[in-house]
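The sequence shown maps to residues 123 to 531 in our numbering.
Take a look at the structure set out below.
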Amino acid sequence: MNNLSSEDILRIRRDFPILERTVFNRPLVYLDNTATTETPRQVVEAIDDMYFAHKANVHRGVHTLSQEATAMMESTRKLIAGFINAPASEQIIFTRGTTESINLVAASFGSTLSCGDEIILSVMEHHSNIVPWQLIAEKKGLIIKVIPMAADGELDMDAYRALLTPRTKVVAVTHVSNVLGTVNPVSEIIAEAHRHGAVALIDGAQAIAHTSVDVQALDADFYVFSSHKMYGPCGVGILYGKRALLEAMPPYQGGGEMIKTVSFEKTVYADLPFKFEAGTPDFVDIAAFNAAISYISAIGLDAIAAHEEKLLAYTTPRLLEIPGLRIYGNAPHKSAIISFLIGDAHHYDTGLLLDKLGIAVRTGHHCAQPLMHALGITGTVRASFAVYNTIAECDTFIAATRRVAAMLS
Ligand code: PMP
123 MNNLSSEDIL RIRRDFPILE RTVFNRPLVY LDNTATTETP RQVVEAIDDM YFAHKANVHR
183 GVHTLSQEAT AMMESTRKLI AGFINAPASE QIIFTRGTTE SINLVAASFG STLSCGDEII
243 LSVMEHHSNI VPWQLIAEKK GLIIKVIPMA ADGELDMDAY RALLTPRTKV VAVTHVSNVL
303 GTVNPVSEII AEAHRHGAVA LIDGAQAIAH TSVDVQALDA DFYVFSSHKM YGPCGVGILY
363 GKRALLEAMP PYQGGGEMIK TVSFEKTVYA DLPFKFEAGT PDFVDIAAFN AAISYISAIG
423 LDAIAAHEEK LLAYTTPRLL EIPGLRIYGN APHKSAIISF LIGDAHHYDT GLLLDKLGIA
483 VRTGHHCAQP LMHALGITGT VRASFAVYNT IAECDTFIAA TRRVAAMLS
């Protein structure tokens, strides 16, 4: 599909029964897609199908159901490898989410680092790309450095280059800011990291459902994301890693599924990807994740991106006409995320009043307290768009925000 028409969007909306809900007797306008996207019927039916027809534990059964469940889970792995152009499906590790993927890399790759080694993060990271690094930094005596940003919300690339030293071992940066919408120049960030012998982890949580990602073209060492932010089930995350790095890294957790042989004297670990998948995986949701990726692919990421860009370009200037409203994050290349405040109004009050008008936005620090500190605020109101949002919903949101602004002024 190219250039989604309003009929296409209405057809897509029919796949999402939740969008027919009302909130306080008003049609729901769901603009909290950054936190999680809604789930289409096709994915929920795939979950049902797993529970009703194929549920059996994976990877260790000779019986038919177990083989079916295993094949369905493994077919998702292959589909994801293709979706991000990974060289091989063994380089796709299933986790519980972006957070667990980063914890895995920080704990496992981080354990190979030495006291005084340096990790570079950016000021706009989600807590899940800060705290795991702090945990390993404390344990190993690592030094964390932070890339600052310019006023419009773009990373300061000169400052980044100045932070790189021969001791830099990891650069971990978000592809798209979950607060500002900034699309970071990750190719350049990765290339600079490599020039200094460091590996680069890219947090793709906010990019993966909105832009096509080619991990080989990016030359990313690690790329991580969550299913629930891409119309898929909750509880599934992805870690992509370069084979040589994953093979050299120690396991993250021990248990069943991640071993070749166990004795009390010596355990031999399984090959990739199973070395990093201890215990029973969430095979039901992993299998159903397949339907979400197929759903996105059938529409086309370019078409999704173009539609979301249209919503952003429509909404931004109209919101700015509201007296006292200011937007945080004005990078020239930004995703369809609008963080704002109105005058002195508290973000919670704005969010609560918008909810009463049927509009779901997120308020608070968005798990990015260091960014809030840099901006000199405690939080924002954040509206974020997905493929099923319409221009009519943007109009409802703009009118409601105008009304709330008047009430709070
Ligand atoms: N990174 C970014 C940029 C995010 O937006 C989020 C979710 N808000 C995460 C990481 C964490 O994702 P999850 O909660 O699915 O692990």
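Even glycine gets a Cβ: it sits at the ideal position worked out from N, Cα and C.
I need the DSSP call for residue i, collapsed to helix, strand or coil.
i: P492; result: helix
i: P254; result: helix
i: E240; result: strand
i: L126; result: coil
i: Y152; result: strand
i: D336; result: coil
i: D278; result: coil
i: Y510; result: coil
i: D325; result: strand
i: G232; result: helix
i: T437; result: helix
i: I421; result: helix
i: K351; result: helix
i: A294; result: strand
i: K261; result: helix
i: M246; result: coil
i: M271; result: strand
i: K397; result: helix
Can you tell me the Cα-Cα spacing of residue i and residue j, whole angstroms?
i: G501; j: G486; result: 4 Å
i: D325; j: N412; result: 21 Å
i: E369; j: I134; result: 41 Å
i: L286; j: P372; result: 26 Å
i: Y353; j: E160; result: 6 Å
i: R504; j: I169; result: 30 Å
i: C516; j: K432; result: 11 Å
i: V406; j: C489; result: 29 Å
i: P492; j: A273; result: 15 Å
i: T198; j: G446; result: 47 Å
Give a single yes or no on whether residue i has its beta carbon closer than 7 Å to a heavy atom of ligand 1.
i: C237; result: no
i: Q491; result: no
i: T221; result: yes
i: T156; result: yes
i: D325; result: yes
i: H185; result: no
i: H181; result: no
i: S250; result: yes
i: S188; result: no
i: H350; result: yes
i: G359; result: yes
i: Q328; result: yes
i: N225; result: no
May I ask which residues mark the beginning and end of the beta strand (DSSP E) holding residue i?
i: G473; result: No beta strand (DSSP E) contains G473, which is instead part of the alpha helix (DSSP H) from 469-478.
i: T402; result: First-last for T402: undefined, no H or E at that position.
i: F347; result: 344-348
i: F216; result: 214-217
i: V390; result: 389-391
i: L447; result: 447-450
Buried or exposed for residue i, please, with buried defined as at least 16 other CB atoms from any protein chain shown within 10 angstroms of its CB.
i: G319; result: exposed
i: D154; result: buried
i: L361; result: buried
i: F519; result: buried
i: M529; result: exposed
i: L187; result: exposed
i: L474; result: exposed
i: D404; result: buried
In terms of residues, what are the limits of the alpha helix (DSSP H) holding residue i?
i: F462; result: No alpha helix (DSSP H) contains F462, which is instead part of the beta strand (DSSP E) from 459-464.
i: I312; result: 308-317
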